[in-house]
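Novice: My questions all concern the structure below.
Number of protein chains: 2
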Amino acid sequence: MPAALSEILGDLITVNHRLTRLAAYAAHDSESPAIWRTLSVLRQTGPMRLGDLAVRSRVSQPTATKLVSHLAARGWTTRQPDPLDARVALTSITPAGEAALTDWRRRLGLALLPAFADLPTADIETLERMIGILRDRVDRTEVGDRRELAADGVPA
Amino acid sequence: MPAALSEILGDLITVNHRLTRLAAYAAHDSESPAIWRTLSVLRQTGPMRLGDLAVRSRVSQPTATKLVSHLAARGWTTRQPDPLDARVALTSITPAGEAALTDWRRRLGLALLPAFADLPTADIETLERMIGILRDRVDRTEVGDRRELAADGVPA
DNA sequence: GTATATACATAGCCGGGCTATGTATTGTAC
DNA sequence: GTACAATACATAGCCCGGCTATGTATATAC
């Protein structure tokens, strides 16, 4: 009998949090997950306004402002004013940002490799499929707003 | 042609970071991932010394001290002195801690459910298998130390 | 032209992460 | 058995990422 989906999701997030620490520990990452996550969104989606970036990254607008500032300070993003609306500035990933992101993923993969080196081919395929599933869900859910996600009747 | 394992691992961590934000956002979680991660480790492993907890959680010893203090303040852990060694105190999860952890997983699962509700059975099974794989690797790697993981030749 | 709405920035708080260091206890040399 | 080294944990102090509340400038409505 399969476990309830909601329980599986709980397990998923739990193992996720532990994997996050393992990755940070393994990779000696001097930058934070937030930096790479933001860069990943920018690369995937292209130049975007700060507010949209916040929504897609699932952080608040002030947090997005901070992250973009840090990224700009490292030369990994740039901002171009919107000629149609002076309040808006579109943030883009720079070539240096793309390179840094690519390099991070390379280093991370290599650092985790020892822990997964003997993984059977079937398991590797499972991993790939699951990554695709999750990416799809994260992207797709991204358009919705908060109240859609937080099911009613779930106590805060 | 399958992607290189190291690239898959990079993708895994990337989607992981985004999923973490989605979960936090969806669940309105007032506590931090670190709190739940620490509780999970304690529940899985049983009473343990602070140093071991730090290793298994993949955080530094001072960070473990902080987390355990917060957990104790909430009544979710207790510490018993080791009669054989006065320097040591074993930290255990309390019944209240178990209940809080269980409740968190329930709320989290429910909050994420809308985003995954229409997942095909095959994908659900993929998720379950993958969770098992990751849990196994995280647990197994946990015994090793840092230098084993950080592959030589990978620039810091 | 004034009021409201929008896009982003700033201020200020707290928790989680780290390194460096302190303190108490244990173990060990002799 | 006393002095020294090693161990287990605590403390100090830093930075970043997360948030809410609020400010400021621009755009829009009328």
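As given, the protein sequences belong to chains A and B, one line each in that order.
Going by the working numbering, the first sequence opens with residue 1, and the numbers climb by one from there.
Going by the working numbering, the second sequence opens with residue 1001, and the numbers climb by one from there.
Even glycine gets a Cβ: it sits at the ideal position worked out from N, Cα and C.
These numbers were taken from a predicted model, which means no experiment stands behind them.
#1: For P33 of chain A, which three-state DSSP category applies?
#2: R1137 of chain B versus chain A: which residues are under 7 Å apart at the beta carbon?
#3: So for V68 of chain A, helix, strand or coil by DSSP?
#4: Are there three or more Cβ pairs, one per stretch, closer than 8 Å when the region 93-112 of chain A is compared with the region 1004-1011 of chain B?
#5: Taking Cβ positions, are T1045 of chain B and R1056 of chain B nearer each other than 8 Å?
#6: When you compare each of B:G1097, B:A1027, B:P1033 to R21 of chain A by their alpha carbons, which one comes out closest?
#7: Note down, in chain order, each residue of its chain lying with its Cβ closer than 8 Å to the Cβ of S1060 of chain B, except the 5 sequence neighbours on either side.
#8: What does D1052 of chain B touch in chain A if you count any residue whose Cβ is under 9 Å from its own?
#9: Quick one, are the C-beta atoms of L134 of chain A and T91 of chain A less than 8 Å apart?
#10: To be precise: take each residue of the region 1014-1048 of chain B, compare its Cβ to all Cβ atoms of chain A, and keep it if any distance is under 9 Å. Which residues remain?
#11: For the alpha helix (DSSP H) containing R129 of chain A, name the first residue and the last one.
#12: Taking H28 of chain A as the reference, which of A:T141, A:I124, A:R105 has the closest Cα?
#13: Note down, in chain order, each residue of its chain lying with its Cβ closer than 8 Å to the Cβ of G75 of chain A, except the 5 sequence neighbours on either side.
#14: With 16 as the cutoff for other CB atoms within 10 Å, does T102 of chain A come out buried or exposed?
#15: With a threshold of 16 other CB atoms inside 10 Å of the CB of T37 of chain A, please say whether the residue is buried or exposed.
#16: In the DSSP assignment, what are the bridge partners of D1085 of chain B?
#17: Taking the C-alpha atoms as reference points, what is the distance between R1140 of chain B and A1026 of chain B?
#18: Per DSSP, what kind of secondary structure is T1077 of chain B in: helix, strand or coil?
#19: Just confirm the distance between the C-beta atoms of N1220 of chain B and L19 of chain A, as a whole number of angstroms; I'd bet it's less than 8 Å.
#20: Where DSSP assigns a beta bridge to I93 of chain A, which residues make up the other side?
#21: Helix or strand or just coil, what does DSSP make of W107 of chain A?
#22: Among the residues of its own chain, which have a CB less than 6 Å from the CB of R79 of chain A, if the five just before and after it don't count?
#23: Does the beta carbon of V59 of chain A come closer than 8 Å to any beta carbon on chain B?
#24: Out of A:R129, A:D52, A:I124, A:D123, state which residue places its alpha-carbon closest to the alpha-carbon of A1122 of chain B.
Specialist: Working from what's here:
#1: helix
#2: A115, F116
#3: In the structure shown, V68 of chain A adopts helical secondary structure according to DSSP, grouped into three states.
#4: yes
#5: At a Cβ-Cβ threshold of 8 Å, T1045 of chain B and R1056 of chain B count as neighbours.
#6: B:P1033
#7: A1054
#8: In chain order: nothing, as chain A lies at least about 15 Å away.
#9: When the beta-carbon positions are compared, L134 of chain A and T91 of chain A stay at least 8 Å from each other.
#10: T1014, V1015, N1016, H1017, R1018, L1019, T1020, R1021, L1022, A1023, A1024, Y1025, A1026, A1027, H1028, S1030, P1033, A1034, W1036, R1037, S1040, V1041
#11: 121-141
#12: Comparing Cα-Cα distances from H28 of chain A to each of A:T141, A:I124, A:R105, the minimum goes to A:R105.
#13: Closer than 8 Å at Cβ, skipping near neighbours: T94, A96, G97.
#14: exposed
#15: Looking at the sequence itself, residue 37 of chain A is Arg, so the reference to Thr does not match. It counts as buried.
#16: B:D1082
#17: Between R1140 of chain B and A1026 of chain B, the C-alpha separation is close to 30 Å.
#18: strand
#19: Outside the modelled stretch of chain B, which goes from 1001 to 1156, sits residue 1220 of chain B, for which no answer is possible.
#20: A:T77
#21: Just to set this straight, residue 107 of chain A is Arg in the shown sequence, not Trp. It is helical.
#22: A89, T91
#23: yes
#24: A:R129
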